[in-house]
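**Q** Take this structure first; my questions come after.
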Amino acid sequence: MLVVLISISQTTVATTTATTTTATTVTTTTETTTTTISESKQYSSKAIVFHNYRGANNNFCFAIAACNRFPTQVTYSTGSNPYSVAAADVNGDSKLDIIVANYASHNVSVLLNNGTGTFAGQLTYSTGTNPRSVAVADVNGDSKLDIIVANYASHNISVLLNDGNGTFAAQVTYSSGSLPWSVAAADVNEDSKLDIIVANFGSNNVGVLLNNGNGTFAAQATYSTGTTPISVAAVDVNGDSKLDIIVANFGSNDVGVLLNNGNGTFSAQVTYLAGINPRSVVAVDVSGDSKLDIIVANFGSNDVGVLLNNGNGTFSAQVTYSTGSSPLSVAAADVNGDSKLDLIVANYASHNVGVLLNNGNGTFAAQVTYSSGSSPASVAAADVNGDSKLDLIVANAGSNNVGVLVAVCN
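So, in structure tokens, the structure goes:
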């Protein structure tokens, strides 16, 4: 980040004003597409974020950040066929660690952050058969993050409690539906305990396992979805402060929204058309209206769909943006520091990740791609090296590793 400090007393600066100090000249104009900084190079105005920070002596600080480039991945070995990745601080050192579900080796990997954005060798913990999805959350109220895994072929959920130092106890399993593919943790019944929500691919439903209050879980209650639900999220889409369920229905080419009745039970799904074979879903506010929108990675149509929230928990028709081939995972994060959520996609068949910058109104620029490993299956965004820039973490299912792509400033 380049910071230019200008000593002025005004509270605002017009964009057509030239201000001069003995050290630096800064010229901005709305007529051109570049901003020139003396004794430096030119920066594209669309790549520069001006943050209005007031410092000592009423100084006006312009923080110029163009850190949305991810040119190089560093890889770390995992188990076989890592299909899901999460980033969280599991050992309490305020550094984000990496957790991976290894589909073919039937375990999860934990890679602890060394403190510099590099990672120690993996520690592995056994799960059920073919873990497809991993979530990290404190399920027993001890302020330590535990691991939750959906085990596709053993038709159950694993919960691995944190021992308190970033190591984990042996799994405890809970029955799910058939072929659980995706798992999330959220408090759906407002008892301040995190419950488990699972997309049961083989039984065409979602299961909700309520937390008993001590990190154990009741038997699942199921709610019908479309055909082959493959991804699930829990968020409040209608503004009633209750967490609803959003599910990507892979086989019926739609997304289902199940509104929370207020007590942790859910109404019948309302569906909205997606692209072909929606594979991953998230819900975030991309248009800046404080309403959560739906973003879905459409595996079969090689695009992401954005369904804007109408303001009452219903959604407009999707607008699509091209991705690479076979997008398998989508995440949303502000990667260029403009306070707008951008989209990051793992393009499974083109072996790269795509970044689609938010234009500021919930529409998106064309993707820029960065090389990953083979067959990237899952992507997350997190600051792993403590520089306040969001880096990318990708599970490379074909090369049996995770890649870390550190954000680089122009």
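Take -12 as the starting number for the sequence shown in our numbering and just add one per residue. Ideal Cβ positions, reconstructed from N, Cα and C, are used throughout, including at glycine. If you're wondering where the values come from, they're calculated on a predicted model, not measured in any experiment.
(1) At what residues does the beta strand (DSSP E) containing Ala318 begin and finish?
(2) Between Arg41 and the rest of its own chain, which residues show a CB-CB distance below 6 Å, the 5 nearest in sequence each way excluded?
(3) Quick test of your reading: Ala336 and Asp329, contact by CB under 8 Å. State the CB separation rounded to the nearest angstrom.
(4) Is DSSP giving Asp178 helix, strand or coil here?
(5) Going by beta-carbon coordinates alone, are Leu99 and Ala107 separated by less than 8 Å?
(6) Going by alpha carbons, who is nearest to Ala208 out of Ile282, Asp378, Tyr161, Asn297?
(7) Within this structure, are the beta carbons of His142 and Pro167 separated by less than 8 Å?
(8) Taking only runs of the beta strand (DSSP E) that begin and end inside the region 248 to 329, which ones reach a length of at least 3 residues, in chain order?
(9) For Thr160, list the residues DSSP reports as bridge partners.
(10) Going by the CB atoms, is the gap between Val185 and Val170 shorter than 8 Å?
(11) Please report the straight-line C-alpha distance between Ala394 and Thr105, rounded to a whole angstrom.
(12) For Ala34, which of helix, strand or coil comes out of DSSP?
(13) Suppose contacts are defined by Cβ-Cβ distances below 8 Å. Is Ile482 in contact with Ile233 by that definition?
(14) Here's the rule I'm using: 16 or more other beta-carbon atoms within 10 Å means buried, otherwise exposed. How should Ala382 be labelled?
(15) Assuming Thr215 and Gly238 are in contact, meaning their beta carbons sit under 8 Å apart, how far apart are those beta carbons, in whole angstroms?
(16) DSSP state of Gly360, grouped into three classes?
(17) Taking Pro118 as part of the beta strand (DSSP E), name the residues at either end of that continuous run.
(18) Tell me the DSSP bridge mates of Thr111?
(19) Have a look at Gly66, Asn201, Val61 and flag the residue whose alpha-carbon is nearest the alpha-carbon of Gly385.
(20) Are Ala333 and Val340 touching if we call contact CB-CB under 8 Å?
(21) How many whole angstroms separate the CB atoms of Leu181 and Val126, which I take to be in contact at a CB cut-off of 8 Å?
(22) Could you tell me the alpha carbon to alpha carbon distance between Gln305 and Ala261, rounded to whole angstroms?
(23) So, helix, strand or coil for Asp84, using DSSP?
(24) Go ahead and label Gly292 buried or exposed: buried means 16 or more other beta carbons lie within 10 angstroms of its beta carbon, across all protein chains shown.
(25) Does Ile51 come out as helix, strand or coil in the three-state DSSP assignment?
(26) According to DSSP, simplified to helix, strand and coil, what is Thr350?
**A** With the given structure in hand:
(1) On the sequence shown, residue 318 is found 331 positions in, with the first residue counted as 1. 314 to 320 is the extent of the beta strand (DSSP E) around Ala318.
(2) Taking the sequence shown and counting its residues from 1, the one referred to as residue 41 is at position 54. Residue placement at Arg41 cannot be trusted, given a pLDDT of 35 that sits under 50; what the coordinates show is reported in the next sentence. Cβ within range, chain order: n/a, list empty.
(3) Numbered from 1 along the sequence shown, position 349 holds the residue referred to as residue 336. Numbered from 1 along the sequence shown, position 342 holds the residue referred to as residue 329. Incorrect: roughly 22 Å between the Cβ atoms, too far for contact.
(4) Here residue 178 corresponds to residue number 191 of the sequence shown, with the count starting at 1. Asp178 falls in the coil class under three-state DSSP.
(5) Locating residue 99 in the sequence shown gives position 112, counting from the first residue. Locating residue 107 in the sequence shown gives position 120, counting from the first residue. For Leu99 and Ala107, yes; Cβs fall inside 8 Å.
(6) Mapped onto the sequence shown, residue 208 falls at position 221. The candidate whose alpha carbon is nearest that of Ala208 is Tyr161.
(7) Sequence index remark: in the sequence shown, residue 142 carries index 155 (1-based). Sequence index remark: in the sequence shown, residue 167 carries index 180 (1-based). Yes, these two residues count as a Cβ contact at 8 Å.
(8) 257 to 260, 265 to 271, 280 to 285, 290 to 294, 306 to 309, 314 to 320
(9) Within the sequence shown, numbered from 1, the residue matching residue 160 stands at position 173. Answer is Ser145.
(10) Here residue 170 refers to the residue found at position 183 of the sequence shown. Here residue 185 refers to the residue found at position 198 of the sequence shown. In contact: Val170 and Val185 (Cβ atoms closer than 8 Å).
(11) Translated into positions along the sequence shown, residue 394 becomes position 407. Translated into positions along the sequence shown, residue 105 becomes position 118. Between Ala394 and Thr105, the C-alpha separation is close to 14 Å.
(12) Stepping through the sequence shown from its first residue, residue 34 is reached at position 47. Interpretation of Ala34 is limited by its pLDDT of 33, a score under 50 that renders its predicted location unreliable; the figure taken from the coordinates is listed afterwards. Note: Ala34 maps to helix in three-state DSSP.
(13) The structure shown has nothing for residue 482, since the chain only spans -12 to 397.
(14) Residue numbering aside, residue 382 sits at position 395 when the sequence shown is read from its first letter. Counting Cβ neighbours within 10 Å, Ala382 comes out buried, since at least 16 surround it.
(15) Your numbering for residue 215 matches position 228 in the sequence shown. Your numbering for residue 238 matches position 251 in the sequence shown. At roughly 4 Å, the Cβ-Cβ gap stays under 8 Å, so Thr215 and Gly238 are in contact.
(16) Numbered from 1 along the sequence shown, position 373 holds the residue referred to as residue 360. Correct three-state label for Gly360: coil.
(17) Sequence index remark: in the sequence shown, residue 118 carries index 131 (1-based). Here the beta strand (DSSP E) through Pro118 covers 118 to 124.
(18) As a position in the sequence shown, residue 111 is number 124, starting the count at 1. DSSP output for Thr111 lists Ser96 as bridge partner(s).
(19) Within the sequence shown, the letter at position 398 stands for residue 385. The shortest Cα separation from Gly385 among Gly66, Asn201, Val61 belongs to Gly66.
(20) The residue you call residue 333 lines up with position 346 of the sequence shown. The residue you call residue 340 lines up with position 353 of the sequence shown. A contact, by the Cβ cut-off of 8 Å.
(21) Looking up residue 181 in the sequence shown gives position 194. Looking up residue 126 in the sequence shown gives position 139. That belief holds up - the Cβ atoms of Leu181 and Val126 are roughly 5 Å apart, short of 8 Å.
(22) As a working mapping, residue 305 is identified with position 318 in the sequence shown. As a working mapping, residue 261 is identified with position 274 in the sequence shown. If you take the alpha carbons of Gln305 and Ala261, they lie about 7 Å apart.
(23) The residue labelled residue 84 in the question sits at position 97 within the sequence shown. Note: Asp84 maps to strand in three-state DSSP.
(24) As a position in the sequence shown, residue 292 is number 305, starting the count at 1. Its Cβ being crowded by 16 or more others within 10 Å, Gly292 is buried.
(25) As a first step, residue 51 must be located in the sequence shown, where it is residue number 64. Because the pLDDT at Ile51 is just 37, under 50, the model does not fix this residue reliably, and the point stays unresolved.
(26) Here the question's residue 350 lines up with position 363 in the sequence shown. Three-state DSSP puts Thr350 in coil, outside helix and strand.
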